[in-house]
Amino acid sequence: MTSRPPTRDEIREISREAVEIFMQDGLSCCLFGSAACELYGRRRAPNDVDIVVMTRTRDVESLKGLLCRNSEDGRFYTRASRMPNATYRVLWYRLPGQRRSCKVDILIPDSSNGLNIPFVGNLRLEWVNGLPVLPFLVTLILKVQGWRDHGNSSREDFRAKVEVDERDINEMLRIARRRGEDVARETWIPRWFLNHGDDLVQEYVNAVGGGRLWELIGFQPFY
Numbered sequence: 004m005t006s007r008p009p010t011r012d013e014i015r016e017i018s019r020e021a022v023e024i025f026m027q028d029g030l031s032c033c034l035f036g037s038a039a040c041e042l043y044g045r046r047r048a049p050n051d052v053d054i055v056v057m058t059r060t061r062d063v064e065s066l067k068g069l070l071c072r073n074s075e076d077g078r079f080y081t082r083a084s085r086m087p088n089a090t091y092r093v094l095w096y097r098l099p100g101q102r103r104s105c106k107v108d109i110l111i112p113d114s115s116n117g118l119n120i121p122f123v124g125n126l127r128l129e130w131v132n133g134l135p136v137l138p139f140l141v142t143l144i145l146k147v148q149g150w151r152d153h154g155n156s157s158r159e160d161f162r163a164k165v166e167v168d169e170r171d172i173n174e175m176l177r178i179a180r181r182r183g184e185d186v187a188r189e190t191w192i193p194r195w196f197l198n199h200g201d202d203l204v205q206e207y208v209n210a211v212g213g214g215r216l217w218e219l220i221g222f223q224p225f226y
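Residue numbers (our numbering): 4 to 226.
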């Protein structure tokens, strides 16, 4: 029997507890990925939590340990990864009910590890419903990166996510237009990340279409 997935309220509760623990330790952090997209208005409910901690001095495993040591009633906990030869542990959050948990991914900014997450200063983060969120266009570009990575994966379960990714991205493009987003105004975004974003957008337009929607928010894909 499959356990119930986390509710939207539970996703936000998990996020708030993690953010509070990190902030109490002097660390700036924010949501990205599916939970961030939902806060920005995407309709599909997230089923996990992705948090990037803006640090250059801490590693991911120590950040997971910080959450586990400071969580209420030990709700944050880790399990050994199922991946062969993995040296990391997987972070989870216990939820009410029988055998219910939510996966929590903790990441740090890095332009060299394939994740391509830029460092974002605290004043550039957006706050939505009391939670810090990665700026909209950065979130959108990383969502396209996830679409590409899922499509290129050798894992069937990852490739199965591509169609959902495309629906999410197209919905986020409509939200971007309503918000009046324009990448040309975001001069603070690192050039390397913008170049990476241009490549991803072109790849997406080549595969899915919708070049005009990207033009309306300042990108210049060929189509």
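Just so it is clear, CB atoms sit at the ideal spot from N, CA and C, and this is done for glycine as well.
Owing to the predicted nature of the structure, the values given are computational and were not obtained by experimental measurement.
The continuous beta strand (DSSP E) containing THR81 extends over residues 79 to 83. The beta carbon of GLU64 lies closer than 8 Å to those of TYR91, ARG92 in the same chain, with the five residues before and after it left out.
DSSP places PHE122 in no beta strand (DSSP E); its state is neither H nor E. Of the candidates SER157, ASN155, ASP171, ASP171 places its Cα closest to the Cα of LYS146. In the DSSP assignment, ARG7 falls outside any beta strand (DSSP E), carrying neither H nor E.
Within the same chain, Cβ atoms closer than 7 Å to the Cβ of THR58 are found at LEU30, ILE111, the five residues on either side in sequence being excluded.
The beta carbon of ASP62 lies closer than 8 Å to those of ILE111 in the same chain, with the five residues before and after it left out. The shortest C-alpha to C-alpha distance from GLU75 to any of VAL208, ARG127, GLU16 is the one to GLU16.
Burial check for PRO99: the Cβ neighbour count within 10 Å stays below 16, so the residue is exposed.
A Cβ-Cβ contact shorter than 9 Å links SER114 with TRP195.
Assignment of beta-bridge partners to TYR96 by DSSP yields PHE79, CYS105.
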